[in-house]
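Here is the structure we will look at.
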Amino acid sequence: MALHPSGSAREEVELLQIETACFSFIVKGRPYHPRYEGLQTYRSLDFHDEMECKADGKEVESIKVFDVDHQHLVLLDEGPFRPIFFEQTTYQFLIIPKNDRKVSFHHEFHLFRNAVSELNVGSQSLLMGQLNFGSEVGLSTFEVRSETETLLTTTIEIFPAKLDYKEDYRQLLNEVNDEIYNLSYHFLRKTHLGATIRIDGQPTMSEFYRLFTYHFDSFVKAITRIEAQPHHNLQKTYELERADKVKRLDSYSRKQLRKNGRLFVEHPMGLEVNGKTLLPSKALNRQMYVVYNTPENQYIKWMMERVVEKLIDLTKQLSSRSRYQAVDEFAVVRSEVMEKLNALKHKLRTPFWQGIKATPMTQFNTVLQMAPGYRDVLHIYLTVSKGLALFGQQYQMSVKNVAELYEYWTFLKVGQILSKRYLSISQDVVSATSNGLFVNLDASKSASRLFEHPLTGEKMKLTYQKREWNPTTTQLPDIVLSVTKKGMNQSFNYVFDAKYRIDFAAEESYYGLKYQIPGPMEEDINTMHRYRDAIVHKRQGPYEQTAFGAYVLFPFGFEEGYREHQFFKSIEEVNIGGLPFLPSTTKLVEELIENIVEKSPSELHDEGILPQGTKHKWQSELDEFVLITNVSTIDNYKESLHKKEYKIPINTLPRDWRKATHLALYVGKKVNETNGVVCYGRIEDISIRDQQMTFCMESWQSIDPIKPVRYGIANTMMTTLTQLREANELPELFMKSKEEALIWKLLRRVSDKVKIELTENELDQATGIRHFTVKDIEVKVKGTKVQFRRAGVIKIFERDELTKSLYKIFRSLVTMMKE
Numbered sequence: 001m002a003l004h005p006s007g008s009a010r011e012e013v014e015l016l017q018i019e020t021a022c023f024s025f026i027v028k029g030r031p032y033h034p035r036y037e038g039l040q041t042y043r044s045l046d047f048h049d050e051m052e053c054k055a056d057g058k059e060v061e062s063i064k065v066f067d068v069d070h071q072h073l074v075l076l077d078e079g080p081f082r083p084i085f086f087e088q089t090t091y092q093f094l095i096i097p098k099n100d101r102k103v104s105f106h107h108e109f110h111l112f113r114n115a116v117s118e119l120n121v122g123s124q125s126l127l128m129g130q131l132n133f134g135s136e137v138g139l140s141t142f143e144v145r146s147e148t149e150t151l152l153t154t155t156i157e158i159f160p161a162k163l164d165y166k167e168d169y170r171q172l173l174n175e176v177n178d179e180i181y182n183l184s185y186h187f188l189r190k191t192h193l194g195a196t197i198r199i200d201g202q203p204t205m206s207e208f209y210r211l212f213t214y215h216f217d218s219f220v221k222a223i224t225r226i227e228a229q230p231h232h233n234l235q236k237t238y239e240l241e242r243a244d245k246v247k248r249l250d251s252y253s254r255k256q257l258r259k260n261g262r263l264f265v266e267h268p269m270g271l272e273v274n275g276k277t278l279l280p281s282k283a284l285n286r287q288m289y290v291v292y293n294t295p296e297n298q299y300i301k302w303m304m305e306r307v308v309e310k311l312i313d314l315t316k317q318l319s320s321r322s323r324y325q326a327v328d329e330f331a332v333v334r335s336e337v338m339e340k341l342n343a344l345k346h347k348l349r350t351p352f353w354q355g356i357k358a359t360p361m362t363q364f365n366t367v368l369q370m371a372p373g374y375r376d377v378l379h380i381y382l383t384v385s386k387g388l389a390l391f392g393q394q395y396q397m398s399v400k401n402v403a404e405l406y407e408y409w410t411f412l413k414v415g416q417i418l419s420k421r422y423l424s425i426s427q428d429v430v431s432a433t434s435n436g437l438f439v440n441l442d443a444s445k446s447a448s449r450l451f452e453h454p455l456t457g458e459k460m461k462l463t464y465q466k467r468e469w470n471p472t473t474t475q476l477p478d479i480v481l482s483v484t485k486k487g488m489n490q491s492f493n494y495v496f497d498a499k500y501r502i503d504f505a506a507e508e509s510y511y512g513l514k515y516q517i518p519g520p521m522e523e524d525i526n527t528m529h530r531y532r533d534a535i536v537h538k539r540q541g542p543y544e545q546t547a548f549g550a551y552v553l554f555p556f557g558f559e560e561g562y563r564e565h566q567f568f569k570s571i572e573e574v575n576i577g578g579l580p581f582l583p584s585t586t587k588l589v590e591e592l593i594e595n596i597v598e599k600s601p602s603e604l605h606d607e608g609i610l611p612q613g614t615k616h617k618w619q620s621e622l623d624e625f626v627l628i629t630n631v632s633t634i635d636n637y638k639e640s641l642h643k644k645e646y647k648i649p650i651n652t653l654p655r656d657w658r659k660a661t662h663l664a665l666y667v668g669k670k671v672n673e674t675n676g677v678v679c680y681g682r683i684e685d686i687s688i689r690d691q692q693m694t695f696c697m698e699s700w701q702s703i704d705p706i707k708p709v710r711y712g713i714a715n716t717m718m719t720t721l722t723q724l725r726e727a728n729e730l731p732e733l734f735m736k737s738k739e740e741a742l743i744w745k746l747l748r749r750v751s752d753k754v755k756i757e758l759t760e761n762e763l764d765q766a767t768g769i770r771h772f773t774v775k776d777i778e779v780k781v782k783g784t785k786v787q788f789r790r791a792g793v794i795k796i797f798e799r800d801e802l803t804k805s806l807y808k809i810f811r812s813l814v815t816m817m818k819e
């Protein structure tokens with residue numbers, strides 16, 4: 001195991017300190033992660049992520065957070081702060097009472113609730129415990145309570161250490177949820193993310209619990225308001241009574257008297273009719289009654305009963321547990337749900353609701369939409385019947401840990417890579433199963449996708465958790481890609497195993513001294529050897545090995561530097577190794593998959609491993625080119641968006657325009673307020689007329705404007721699709737050479753604010769890059785040399801080191817930033 005830098009013991013500090021009138025709340029730990037090789041290295045990097053931290057409570061005196069830049073506690077109001085809480089890191093929680101009031105620690109995750117417990121130190125009693133968030137990231141909320149009263153609510157943000165939180169993690173979640181929208185969700189874990197309402201989809205009980213818990217008090221309050229002022233109808237009834245008791249006759253009563261002459265008797269005080277004085281002896285007396293059994297109240301009761309049914313189902317799910325589960329992890333939650341369930345049942349048992357028949361409605365009238373209480377119950381019911389979408393503000397939603405998400409994502413992403421280049425012929429993309437609370441990929445049967453090569457007709461099958469039976473033990477790799485070649489009875493199987501683990505090759509560590517570059521764990525590489533050797537098949541005789549290669553997929557965001565790693569080179573030598581794989585790091589995996597599918601069966605079968613020298617063939621041009629053109633007028637801009645086409649004079653096109661598969665529009669400040677490169681699209685067709693080239697587009701896709709920052713485009717220029725998607729400022733699109741692109745990627749590793757100085761203000765007229773700047777470091781390419789300059793300190797590297805020893809240059813850059 002790697003030793004921490006000298007002085008690291010002193011780097012365990014108070015990260016969060018909250019003082020109230022009743023107690024002190026303290027969180028201690030190290031404000032960095034081992035990937036940064038100590039606090040000093042972390043401080044030198046120029047990232048601009050901001051950590052969310054908030055606290056609210058009674059009699060709060062001060063809230064202080066550790067500031068990485070100043071290396072001491074500062075008031076929360078002086079933020080924002082850089083991240084100090086990370087996954088896979090242990091933190092110590094202390095709650096020190098200041099008086100005799102008894103307090104307790106609460107968190108929605110049951111193991112966290114039990115981890116912080118009471119400890120007696122001499123005559124003083126305090127709460128203490130250690131919490132580790134494992135591979136879960138996002139927000140985590142803690143409460144300090146006294147009996148049923150909440151004294152303090154604190155929320156901190158946990159950052160991942162193996163991928164970029166704002167980019168890779170969010171994209172990973174989105175890509176998983178694009179397949180099945182709630183596949184990433186879980187129930188009451190260590191962390192949560194913000195969420196908002198999602199209209200479509202089939203919500204799980206986990207989503208229902210989050211929504212109904214949030215709205216329960218408002219739901220009950222609205223029902224109580226209906227009970228106090230219910231909508232009602234007046235119902236008329238008629239009873240035959242003595243005439244002296246009837247106060248007033250309405251038209252219906254008079255009509256009945258006219259029809260029933262037998263009710264009249266002679267009376268001296270009566271009315272003269274045909275020579276007789278008559279009075280009615282009896283008549284129909286009208287009475288008005290208030291009736292609450294209206295369609296509106298019937299529908300309110302129907303909604304209440306549906307909610308009760310869902311709560312009963314939720315209670316059953318929370319009560320079911322495995323026989324191997326010693327602790328009832330949902331006991332507290334189940335008690336809270338039962339309390340809400342009983343409150344609604346009590347409402348339904350009251351005389352008011354007992355006299356109403358529950359009936360659904362297909363159309364909502366004005367009473368349901370506008371009347372106080374009614375509109376609230378309807379709105380809440382419709383809300384809790386929907387699902388949740390991540391990255392909102394109003395609700396909380398727990399998600400699966402990053403390791404599990406990463407495993408799901410690798411299978412889905414490899415499928416996407418195949419579907420980009422080959423025909424997808426499978427209908428069932430992925431199988432999922434639900435335990436009632438949340439959704440998982442169905443591991444009871446292998447989920448698989450089928451693809452076909454558009455030219456050769458050869459088939460590819462991608463399988464998730466394919467069980468491989470052999471005479472000894474069953475193998476269960478995460479992903480198996482089986483390629484069936486023409487004229488071959490057997491398939492060529494390649495194993496991809498997702499491991500959310502990485503060794504960062506810390507200085508003086510065993511891994512650092514041996515490999516120098518971060519990479520997959522050695523034991524994971526050994527597992528790949530086992531997979532390839534153990535996956536066999538029997539064909540009318542002895543068992544034969546059918547796995548031709550096995551690869552660890554691990555989270556690392558620096559592809560070019562990793563090419564020098566031994567476990568990358570081993571793929572060429574023995575077809576076993578590791579590849580970095582993240583939403584922003586897919587090129588090496590794409591190259592490998594392309595190589596496997598495109599290679600002839602004789603090459604794969606005869607050697608059993610990739611032939612020598614195939615590394616050079618992997619440098620295929622996977623990136624697509626983009627032609628960027630300057631839009632001269634606002635009318636041209638609007639017309640191009642409307643007609644999905646754009647015309648460019650032939651004499652302004654660059655020489656290599658034929659490489660372009662996409663067209664992007666650059667809008668100047670004089671044309672539109674939102675200026676820069678604002679949209680792009682794939683070119684569908686090209687035609688020539690009157691010395692103009694007309695580009696017909698499939699569609700336009702808007703992007704965050706790539707800002708000009710003192711530069712512009714006079715006519716047209718070429719760039720790559722990757723540069724277009726990653727650029728924030730116009731000069732970043734200029735990189736012409738591989739070395740320039742490598743420098744830019746190198747600098748983007750340590751800062752999200754890289755400046756580029758060009759020789760001219762118009763990109764299509766510029767002849768080169770003068771220099772790059774990150775923080776106060778200037779980088780120039782001069783002939784065969786690359787120069788780094790900072791405050792008079794100069795470091796010079798050979799140009800070819802960018803392709804041979806890029807990771808060493810990266811380490812030197814980090815050292816320069818620390819100095």
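So that you can map any letter, position 66 of the sequence shown is 66 in full-length UniProt numbering, and since no number is skipped, the others follow by simple counting.
The C-beta atom is built at its ideal place from N, Cα and C for all residues, glycine as well.
Quick one: measure Cβ to Cβ for I502 and V377, integer angstroms, because I've assumed they're closer than 8 Å.
As a working note, residue 502 is residue 502 in the sequence shown. As a working note, residue 377 is residue 377 in the sequence shown. In fact, because the Cβ distance is near 51 Å, the residues do not count as touching under 8 Å.
What three-state label does DSSP hand T141 in the structure shown?
In the sequence shown, residue 141 corresponds to position 141, counting from 1. For T141, the secondary structure class from DSSP, reduced to helix, strand or coil, is strand.
Taking the alpha-carbon positions, what's the H72 to V754 distance?
For the purposes of this step, residue 72 is taken as residue 72 along the sequence shown, with counting starting at 1. For the purposes of this step, residue 754 is taken as residue 754 along the sequence shown, with counting starting at 1. Taking the straight line joining both Cα atoms gives about 29 Å.
Between the Cα of V399 and the Cα atoms of A371, S424, V439, which residue gives the shortest distance?
One-based indexing of the sequence shown puts residue 399 at position 399. Comparing Cα positions, the closest option is V439.
According to the neighbour-count rule (16 or more other Cβ atoms, all chains shown, within 10 Å of its Cβ), is T277 buried or exposed?
Counting from 1 along the sequence shown, the entry for residue 277 is found at position 277. By the 10 Å Cβ count, T277 comes out exposed.
Could you tell me the distance, in whole angstroms, from the CA atom of L412 to the CA atom of F187?
Counted from its first residue, the sequence shown places residue 412 at position 412. Counted from its first residue, the sequence shown places residue 187 at position 187. For L412 and F187, the distance between alpha carbons rounds to 23 Å.
Against chain C, does Q202 count as a neighbour if the rule is that its beta carbon must be under 8 Å from one of theirs?
Protein chain content of the structure displayed is limited to a single chain, and chain C is not contained in it.
At what residue ranges does the stretch 166-207 contain a whole run of the beta strand (DSSP E), taking only runs of 3 or more?
193-198
Do V337 and L368 have their C-beta atoms within less than 8 Å of each other?
Within the sequence shown, the letter at position 337 stands for residue 337. Within the sequence shown, the letter at position 368 stands for residue 368. Not a contact, by the Cβ cut-off of 8 Å.
List the endpoints of the continuous alpha helix (DSSP H) containing E740.
The count along the sequence shown starts at 1 and reaches residue 740 at position 740. 738-750 is the extent of the alpha helix (DSSP H) around E740.
Is it right to say residue 847 is buried, meaning 16 or more other beta carbons lie within 10 angstroms of its own, or is it exposed?
Absent from the structure is residue 847, since the part of the chain shown begins at 1 and ends at 819.
Would V480 pass as a contact of T456 if the rule is Cβ separation under 8 Å?
Within the sequence shown, numbered from 1, the residue matching residue 480 stands at position 480. Within the sequence shown, numbered from 1, the residue matching residue 456 stands at position 456. Going by C-beta atoms, V480 is not nearer than 8 Å to T456.
Just checking, does the stretch 174-188 make contact with the stretch 113-128 on the three C-beta pairs under 8 Å criterion?
no
Please go through the same chain and pick out, in chain order, the residues whose beta-carbon is closer than 7 Å to the beta-carbon of F146, but skip the five residues on each side of it.
Sequence index remark: in the sequence shown, residue 146 carries index 146 (1-based). Note on identity: in this sequence residue 146 is Ser, with Phe being the wrong assignment. Around S146: R101, K102, V103.
Please report the residue range of the alpha helix (DSSP H) in which E560 lies.
In the sequence shown, residue 560 corresponds to position 560, counting from 1. Per DSSP, E560 belongs to the alpha helix (DSSP H) from 559-562.
Please return the same chain residues whose Cβ sits closer than 7 Å to the Cβ of L318, not counting the five positions on each side in sequence.
Locating residue 318 in the sequence shown gives position 318, where the first residue counts as 1. Counting only Cβ-Cβ distances below 7 Å, and skipping sequence neighbours, we find F330, V333, R334, V337.
Determine whether the beta carbon atoms of L813 and V750 lie at a separation below 8 Å.
For the purposes of this step, residue 813 is taken as the residue at position 813 of the sequence shown. For the purposes of this step, residue 750 is taken as the residue at position 750 of the sequence shown. Contact: yes.
With 16 other CB atoms within 10 Å as the buried threshold, where does V589 fall?
The residue you call residue 589 lines up with position 589 of the sequence shown. V589 should be labelled buried.
Name the DSSP bridge partner or partners of C22?
The residue given as residue 22 occupies position 22 in the sequence shown. BP columns for C22 are empty, so no partner.
Is there contact here, the stretch 680-697 with the stretch 646-666, by at least three beta-carbon pairs under 8 Å?
yes
What would DSSP say about R539, mapped onto helix, strand or coil?
Taking the sequence shown and counting its residues from 1, the one referred to as residue 539 is at position 539. Note on R539: pLDDT 44, under 50, position unreliable in the model; no value is reported.
List the endpoints of the continuous alpha helix (DSSP H) containing Y408.
Here residue 408 refers to the residue found at position 408 when the sequence shown is read from its first residue. Run containing Y408: 402-421, per the alpha helix (DSSP H) assignment.
Using 8 Å for Cβ pairs, my map puts M718 next to D656. What's the rounded Cβ distance?
Stepping through the sequence shown from its first residue, residue 718 is reached at position 718. Stepping through the sequence shown from its first residue, residue 656 is reached at position 656. With a Cβ gap of about 6 Å, M718 and D656 count as contacting.
With distances taken between CB atoms, is the gap from D49 to P83 smaller than 8 Å?
Numbered from its first residue, the sequence shown carries residue 49 at position 49. Numbered from its first residue, the sequence shown carries residue 83 at position 83. A contact, by the Cβ cut-off of 8 Å.
Give me the Cβ distance between I648 and Q692, rounded to the nearest whole Å; I'm assuming they're in contact under 8 Å.
As a first step, residue 648 must be located in the sequence shown, where it is residue number 648. As a first step, residue 692 must be located in the sequence shown, where it is residue number 692. With a Cβ gap of about 7 Å, I648 and Q692 count as contacting.
Identify whether F212 lies in helix, strand or coil by the three-state DSSP scheme.
Position 212 of the sequence shown, counted from the first residue, corresponds to residue 212. F212: helix per DSSP, three-state reduction.
Do the CB positions of D67 and V60 come within less than 8 Å of each other?
Stepping through the sequence shown from its first residue, residue 67 is reached at position 67. Stepping through the sequence shown from its first residue, residue 60 is reached at position 60. The answer is no: Cβ separation not under 8 Å.
Closer than 6 Å by C-beta to E108: which residues in its own chain qualify, once you throw out the five before and the five after it? Chain order, please.
On the sequence shown, residue 108 is found 108 positions in, with the first residue counted as 1. L188.
Less than 7 Å between C-beta atoms, sequence neighbours within five positions excluded: which residues of the same chain meet that for H232?
Here residue 232 refers to the residue found at position 232 of the sequence shown. Closer than 7 Å at Cβ, skipping near neighbours: V290, V291, Y292, T294.
DSSP state of R30, grouped into three classes?
As a working note, residue 30 is residue 30 in the sequence shown. Three-state DSSP puts R30 in coil, outside helix and strand.
I need the straight-line Cα distance from A371 to R210, nearest angstrom please.
Here the question's residue 371 lines up with position 371 in the sequence shown. Here the question's residue 210 lines up with position 210 in the sequence shown. A371 and R210 have their C-alpha atoms roughly 27 Å apart.
Whole angstroms is fine: what's the gap from C22's alpha carbon to K28's?
The count along the sequence shown starts at 1 and reaches residue 22 at position 22. The count along the sequence shown starts at 1 and reaches residue 28 at position 28. Within the model, the alpha-carbon separation for C22 versus K28 is close to 20 Å.
What number of angstroms, rounded off, separates the C-alpha of E458 from the C-alpha of T484?
Here residue 458 refers to the residue found at position 458 when the sequence shown is read from its first residue. Here residue 484 refers to the residue found at position 484 when the sequence shown is read from its first residue. If you draw a straight line from the Cα of E458 to the Cα of T484, it comes to about 6 Å.
Buried or exposed: where does D69 fall if 16 or more other Cβ atoms within 10 Å of its Cβ makes it buried?
The residue given as residue 69 occupies position 69 in the sequence shown. By the neighbour-count criterion, in which 16 or more other beta carbons inside 10 Å mark a residue as buried, D69 falls on the exposed side.
Just verifying my parser: in three-state terms, what is the DSSP assignment at M816?
In the sequence shown, the residue the question calls residue 816 occupies position 816. Note: M816 maps to helix in three-state DSSP.
Keeping to the same chain, check which residues put their C-beta closer than 6 Å to that of F142; ignore five residues upstream and five downstream.
Taking the sequence shown and counting its residues from 1, the one referred to as residue 142 is at position 142. H107, T154, listed in sequence order.
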